[in-house]
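Enquirer: Read in order, the letters of the sequence shown correspond to residues -19 to -1, 1 to 250 in mature numbering (1 follows the signal peptide of the UniProt record, and there is no 0).
Quick reminder that beta carbons are idealized off the backbone N, C-alpha and C, glycines included.
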Amino acid sequence: MKKYTAVLLLLLITLFGCSKTHEEYLSSAENYYKNKEYNKALPAYEKACKKGSYKGCLFLAKAYKTGEIVKQDIKISENYYITAFNLTNMYCQENNKDACKMLGYLYEKGLGTEKDLIKADNASIKACQLGDNISCYYMARINADNITDFIYFTDKACKLNLASACLTLGNTYLTGFNESMAEIEKNIEKGITYINKACEINSEFCSNLADIYISGDDLAQNYKMAVKYYETALNYYKSLCPEKNDDNIACKKINIIKSKYSHDNNTIF
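#1: Tell me the start and end of each unbroken alpha helix (DSSP H) in the stretch 150 to 221 that is at least 4 residues and wholly inside, in chain order.
#2: Using a Cβ-Cβ cut-off of 9 Å, state whether Thr153 counts as contacting chain D.
#3: Taking the straight line between their C-alpha atoms, what separation do you get for Lys209 and Ala104?
#4: By Cβ distance, which residues of its chain are closer than 7 Å to Ser188, with the 5 residues on each side in sequence left out?
#5: From Phe250 to Leu190, what distance separates their C-alpha atoms?
#6: Let's see if you can read the secondary structure: which residues bound the alpha helix (DSSP H) around Ile235?
#7: Where do the N-terminal and C-terminal ends of the alpha helix (DSSP H) with Glu89 fall, by residue?
#8: Would you identify the three-state DSSP class for Lys1, choosing helix, strand or coil?
#9: Classify Ser240: buried if its beta carbon has 16 or more other beta carbons within 10 angstroms, exposed otherwise.
#10: Could you compute how far the alpha carbon of Glu49 sits from the alpha carbon of Ala25?
#11: On the three-pair Cβ rule with 8 Å, is the stretch 109 to 127 touching the stretch 156 to 170?
#12: Would you be able to state if there are at least three C-beta pairs under 8 Å between the stretch 91 to 99 and the stretch 131 to 148?
#13: Need the endpoints of the alpha helix (DSSP H) that Glu18 sits in, please.
#14: Under three-state DSSP, which class holds Ser34?
#15: Distance check for Thr129 and Ala207, CA to CA, integer angstroms please.
#16: When DSSP labels each residue in this structure, what does Asn60 get in the three-state scheme?
#17: Inspect the beta-carbon positions of Tyr13 and Cys38 and report whether they are closer than 9 Å.
#18: Indicate whether Cys93 and Thr64 have their beta-carbon atoms separated by less than 9 Å.
#19: Check the C-beta distance from Ile235 over to Asp199 and give it rounded, since I have them as a contact under 8 Å.
#20: For Asp130, name the three-state secondary structure that DSSP assigns.
#21: Among residues of its own chain, excluding the 5 on either side of Thr69, which ones have a beta-carbon nearer than 6 Å to its beta-carbon?
#22: If you count every other CB in all the chains shown that lies within 10 Å of the CB of Thr2, and 16 or more means buried, which is it?
#23: Give a yes or no on whether the C-beta atoms belonging to Asn177 and Tyr217 are separated by under 9 Å.
#24: In the structure shown, what three-state DSSP assignment does Ile106 receive?
#25: Which term fits Ile230, buried or exposed, when burial requires 16 or more other beta carbons within 10 angstroms of its beta carbon?
#26: Quick one: grab the DSSP three-state call for Lys43.
#27: In the DSSP assignment, find the unbroken alpha helix (DSSP H) run with Ile123 in it and report its ends.
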């Protein structure tokens, strides 16, 4: 009896234990694609899609649409978009924030479903509520004419550690208006607080804080603080610019920052 049970268990492991999840198939597919092993990538993406990976389905939809690594076929592409839409819709209902974000995009572009901007916004709002900072910032940008909604969603994105949202909100409070010229009462203290948080999250934004200390418009001029924040930003960009390259954005940023002060003797120009 024990021998029979052991054999049965081994059989079950053989049949089911080695079955890959859609995440595993997707990971394999992405590695094959990265290594330009397209003949292996395509079937791996197909398996990922069949297993329930909306990302796998979306890759195939785009591939068949553009003819990138497979013969172009718009009908097949549309079918994969429909499958991807159905999967994202299902996962969003299960409170998957990434799926909700993608669902909003599919509704917005009309991919795999009818274009519906209201449903797109609802999906993006849900993604934001679930903690997706990009979706929060997206909602802020499309509601820029409504300063109340703009502040709410930008603040939420900032609290979810999206540095660009913190910077945007900081500048809004400093100037008294946003990119759509929607007005708000100027608040220097809030503005500096948000820009400081942007700097804490992402060092590249420390140069914005340094500019404020140099100008003396919103704070008393403080060259020492300006140098401190320029140095922080400079070190960040240096890590992205291992060797001089005029086409490298990080290298260009280094030149811009150095043009504002002497790196050797900490002198503001």
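Expert: Let me lay it out:
#1: Runs found: 169 to 182, 187 to 196 and 204 to 220.
#2: Going by chain labels, chain D is absent from the structure shown, which holds only one protein chain.
#3: Residue mapping note: residue 209 aligns to position 228 of the sequence shown, counting from 1. Residue mapping note: residue 104 aligns to position 123 of the sequence shown, counting from 1. C-alpha separation (whole angstroms): 42 Å.
#4: One-based indexing of the sequence shown puts residue 188 at position 207. Cβ-Cβ distances below 7 Å link Ser188 to Tyr210, Tyr211, Ala214 and Ile238 in the same chain, with the five nearest sequence neighbours on each side left out; the list follows chain order.
#5: Residue mapping note: residue 250 aligns to position 269 of the sequence shown, counting from 1. Residue mapping note: residue 190 aligns to position 209 of the sequence shown, counting from 1. Below a pLDDT of 50, predicted positions are generally treated as unreliable, and Phe250, at 49, falls in that range; the measurement from the model is reported next regardless. When rounded, the distance between both Cα atoms is 17 Å.
#6: For the purposes of this step, residue 235 is identified with residue 254 of the sequence shown, where counting begins at 1. Ile230 to Lys239 is the extent of the alpha helix (DSSP H) around Ile235.
#7: Here residue 89 is taken as the residue at index 108 of the sequence shown, counted from 1. For Glu89, the enclosing alpha helix (DSSP H) begins and ends at Lys78 to Lys90.
#8: Within the sequence shown, numbered from 1, the residue matching residue 1 stands at position 20. In the three-state reduction of the DSSP assignment, Lys1 falls in the coil class.
#9: As a first step, residue 240 must be located in the sequence shown, where it is residue number 259. Result: exposed.
#10: Against the sequence shown, residue 49 aligns to sequence position 68. Against the sequence shown, residue 25 aligns to sequence position 44. C-alpha separation (whole angstroms): 16 Å.
#11: Counting Cβ pairs under 8 Å, three or more are found: they touch.
#12: Contact annotation: the stretch 131 to 148 does not touch the stretch 91 to 99, with fewer than three C-beta pairs closer than 8 Å.
#13: Working through the sequence shown from its first residue, we reach residue 18 at position 37. Neither: Glu18 is in no alpha helix (DSSP H) and is coded neither H nor E.
#14: Against the sequence shown, residue 34 aligns to sequence position 53. The answer is coil: DSSP assigns Ser34 none of H, G, I, E or B.
#15: Residue mapping note: residue 207 aligns to position 226 of the sequence shown, counting from 1. Residue mapping note: residue 129 aligns to position 148 of the sequence shown, counting from 1. In this structure, the straight-line span from the alpha carbon of Ala207 to that of Thr129 is close to 32 Å.
#16: Position 79 of the sequence shown, counted from the start, is the residue given in the question as residue 60. In this structure, Asn60 counts as helix in the three-state DSSP scheme.
#17: Position 32 of the sequence shown, counted from the start, is the residue given in the question as residue 13. Position 57 of the sequence shown, counted from the start, is the residue given in the question as residue 38. Their beta carbons are not under 9 Å apart, which means Tyr13 does not touch Cys38 by this criterion.
#18: Taking the first residue of the sequence shown as position 1, residue 93 is located at position 112. Taking the first residue of the sequence shown as position 1, residue 64 is located at position 83. According to the sequence as given, residue 93 is Gly; it is not Cys. In contact: Gly93 and Thr64 (Cβ atoms closer than 9 Å).
#19: Indexing the sequence shown from 1 puts residue 235 at position 254. Indexing the sequence shown from 1 puts residue 199 at position 218. Contact between Ile235 and Asp199 is ruled out by a C-beta separation of about 26 Å, above the 8 Å threshold.
#20: Translated into positions along the sequence shown, residue 130 becomes position 149. DSSP, reduced to helix, strand and coil, places Asp130 within a helical segment of the structure shown.
#21: Locating residue 69 in the sequence shown gives position 88, where the first residue counts as 1. A distance below 6 Å between beta-carbons, with the five flanking residues on each side excluded, links Thr69 to the following residues of its chain, in chain order: Tyr35, Ala80, Met83 and Leu84.
#22: In the sequence shown, the residue the question calls residue 2 occupies position 21. Classification of Thr2: exposed, given that the 10 Å Cβ count is below 16.
#23: Translated into positions along the sequence shown, residue 177 becomes position 196. Translated into positions along the sequence shown, residue 217 becomes position 236. Taking 9 Å as the Cβ cut-off, Asn177 and Tyr217 do not qualify as a contacting pair.
#24: Counting from one through the sequence shown, the residue named residue 106 turns up at place 125. Ile106 falls in the helix class under three-state DSSP.
#25: Working through the sequence shown from its first residue, we reach residue 230 at position 249. Around the beta carbon of Ile230, fewer than 16 other beta carbons sit within 10 angstroms, so the residue counts as exposed.
#26: In the sequence shown, counting from the first residue as 1, residue 43 sits at position 62. Correct three-state label for Lys43: helix.
#27: To locate residue 123, count along the sequence shown from 1; it is residue 142. From DSSP, the alpha helix (DSSP H) with Ile123 extends over Asn114 to Ile123.
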